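Numbering (our numbering), first residue to last: 25 to 431. Every residue gets a Cβ at the ideal spot worked out from N, C-alpha and C, and that includes glycine. Bear in mind the structure is a predicted one, so any value in this text is a computation, not a measurement.
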Ligand SMILES: Cc1cc2nc3c(=O)[nH]c(=O)nc-3n(C[C@H](O)[C@H](O)[C@H](O)COP(=O)(O)OP(=O)(O)OC[C@H]3O[C@@H](n4cnc5c(N)ncnc54)[C@H](O)[C@@H]3O)c2cc1C
């Protein structure tokens, strides 16, 4: 949708295929997609909207998903009315031609000069690790978890480290399950959602790198101190552990652990029937396992080698195929500050700039391609292959667009 907006602004001709009945992805799919009744956004409302279109707060800092759905529907309504949007139309396969692509959709087969793949990074659940195959209770990926009735009165194991989905599921389970245990392979770093009254994400976007590092060091140190005071099992207990850990923010989760309403254990070593054996040698029986193990990029319509791509290592600026000039990917990198739509917005603008150059500015296009052909360049990653430091990433995107001969 953001690509369509950027292409329309550049007067570029496009067709948009959406498999579902409306535009807006996971947020408008709601309970039919990976969200639960209680999902709230984990990015603050102040940063969630795309530039020029702030999201109304209605008094919330981290709004409910229905709030995001309303915003996205308004955004969809702002697409030019003559946009060629085909709903309920799935792309089945994409085949590269010497120049351009042949797409098979549920409407038939058509050729295009270029394609933009934007089928999502958060809608294809990762497969359960093999050690869980012998579990005889109920096992589900968190994408299939809808509401607390699925956990009520049951012994629940939530597998995943410090992630928003782990915390969200634990809050529900702590209120209604007979037992709630979290398995985390590495020590958990749980940061507060705000620092001196400001959401972490705002600081991540605003502060210069050195100042941000100083604030993050203070936050890690606070997490270590909290653990010292509360003795939380499997939480970071040294600054070295805290530096290595990929943390998530929650103000409530540590207190649930302190009060014994949620237990945290190490990684899962083996599963036998209903019994799960943990790395520390302890064991317990469970009725339900909820896997909060993340998602794989949804690029199944693409042929190899793109089907197994990693945006940060295989694509130029996480968007462009280094060799083909007719293939772009949008939405396969996320920002360390979790308001991802702003990052997608910048990616969509870069794609529109590239395609507009191709259509009408050969000198600028040649310059953009020349630098793209030099291959992938290292991105400012934030401890995870698909998560970038937004400030640094935006600087690279803008530098590429403004480079020599690019005007
Ligand atoms: C529980 C949860 C919480 C989240 N919280 C936040 C948050 O607080 N802030 C934030 O910014 N992000 C958050 N995210 C990330 C979220 O994924 C992004 O915000 C955003 O929705 C991703 O948009 P997208 O368009 O790239 O992908 P999606 O929303 O997944 O949309 C992809 C679209 O492509 C369509 N599609 C897929 N395959 C095909 C095909 N073959 N043919 C045609 N159409 C196809 C799908 O139907 C879908 O509409 C969260 C995600 C989850 C799951």
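Query                                                                                                                                                                                  : Result
Per DSSP, which residues does residue 218 bridge with? Please list them.                                                                                                               : 223
Given 8 angstroms as the limit, is there contact between the segment 183-196 and the segment 212-220, that is, 3 or more CB pairs closer than that?                                    : yes
Strictly by DSSP, which residues pair up with residue 368?                                                                                                                             : Per DSSP, none; premise fails for residue 368.
Just checking my contact of residue 273 with residue 260 at CB under 8 angstroms: how many whole Å lie between their CB atoms?                                                         : Not a contact, Cβ separation roughly 14 angstroms.
Which same chain residues end up closer than 8 angstroms to residue 406 when comparing Cβ atoms and leaving out the 5 residues on each side of it in sequence?                         : 360, 412 and 413
Please state whether the Cβ-Cβ distance between residue 277 and residue 207 is less than 8 angstroms.                                                                                  : no
Within its chain, find whatever has a CB closer than 6 angstroms to the CB of residue 76; leave out the 5 residues flanking it on each side and keep chain order.                      : none
In three-state terms, what does DSSP make of residue 52?                                                                                                                               : helix
In whole angstroms, what is the alpha-carbon distance linking residue 426 and residue 27?                                                                                              : 20 angstroms
Terminal residues of the continuous beta strand (DSSP E) containing residue 101?                                                                                                       : Residue 101 -> not in any beta strand (DSSP E); alpha helix (DSSP H) instead, spanning 89-101.
Starting from residue 416 and walking both ways along the alpha helix (DSSP H), at which residues does that stretch end?                                                               : 414-426
What does the alpha-carbon distance come out to for the pair residue 374 and residue 363?                                                                                              : 18 angstroms
Are the segment 165-177 and the segment 128-143 touching, with three or more C-beta to C-beta distances below 8 angstroms?                                                             : no
Going by C-alpha distance, which of 74, 297, 304 and 398 is nearest residue 159?                                                                                                       : 297
Measure the C-alpha to C-alpha separation of residue 431 and residue 123 and round it to an integer number of angstroms.                                                               : Reliability of the predicted coordinates at residue 431 is poor, the pLDDT of 43 falling under 50, and the value obtained from them is presented with this limitation in mind. Looking at the two C-alpha atoms, the distance is approximately 25 angstroms.
If we ignore side chains and look at the alpha-carbon of each, how far apart do residue 92 and residue 306 end up?                                                                     : 41 angstroms
Using only the heavy atoms of ligand 1, determine whether one of them is closer than 7 angstroms to the beta carbon of residue 364.                                                    : yes
Excluding the five sequence neighbours on either side, which residues of its own chain have a C-beta within less than 7 angstroms of the C-beta of residue 156, listed in chain order? : 163, 295 and 313
Taking contact to mean 3 or more Cβ pairs, one atom from each stretch, closer than 8 angstroms, check whether the segment 316-324 and the segment 277-294 are in contact.              : no
For my contact list, residue 381 and residue 392 are in at a C-beta cut-off of 8 angstroms; report their separation, rounded to the angstrom.                                          : 6 angstroms
Taking residue 304 as the reference, which of 288, 68, 315 and 135 has the closest Cα?                                                                                                 : 288
Quick one: does the C-beta of residue 189 sit closer than 7 angstroms to a heavy atom of ligand 1?                                                                                     : yes
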